[in-house]
Amino acid sequence: MSPAPLDAAFAALGDPIRRALVSRLAQGDATVRELAEPFGLTQQTISHHVAVLRRSGLIEQRQEGTRRPCRLRTDQLTLLGAWIDDQRRSAVFPPAV
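Start counting the sequence shown at 0; every next residue gets the next number (numbering that gives the first Met the number 0).
As structure tokens, this is what we get:
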């Protein structure tokens, strides 16, 4: 994965709300309204977080009539995981106990 998408993905995941949204979307697709419900945040606030996740490539939104469900892009999570695994394998220090 090139540096720019990697930077964007990790920056997006630096926010606890966005990490929670990713965790929620790991359970299945959801609209912004559905994502906002458990947080007690406005749809506008959640829309902002969704936009950041979308720009980072971690989620996508599609049109289904009047609904716009969000879906987690597991392929991007796989790329992040591969990068982390590469760093772990190339580490010169033994893992902490």
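We put the beta carbon where it would ideally sit given N, CA and C, even for glycine. Quick caveat, the model's predicted, so the values are computed rather than measured.
Spatial distance of residue i from residue j (CA atoms)
i, j, result
"Gln26", "Gly39", "19 Å"
"Arg88", "Trp82", "10 Å"
"Arg23", "Ala29", "8 Å"
"Leu71", "Val91", "33 Å"
"Val41", "His47", "Contrary to the premise, residue 41 reads as Thr rather than Val in this sequence. Cα to Cα, the separation comes out at about 10 Å."
Proximal residues to residue i (C-beta, below 8 Å), its chain only, five neighbours per side dropped
i, result
"Val97", "It is not possible to answer for residue 97, since the shown part of the chain is limited to 0 through 96."
Proximal residues to residue i (C-beta, below 6 Å), its chain only, five neighbours per side dropped
i, result
"Ser55", "Ala7, Ala8 and Ala11"
Residue i - partner residues in DSSP beta bridges
i, result
"Ala25", "Answer is none; Ala25 lacks a bridge partner."
"Glu63", "Arg66"
"Leu20", "Per DSSP, none; premise fails for Leu20."
"Ile58", "Leu71"
Residue from the options with nearest C-alpha to residue i
i, options, result
"Ala3", "Pro15, Gln62, Leu79 and Arg66", "Leu79"
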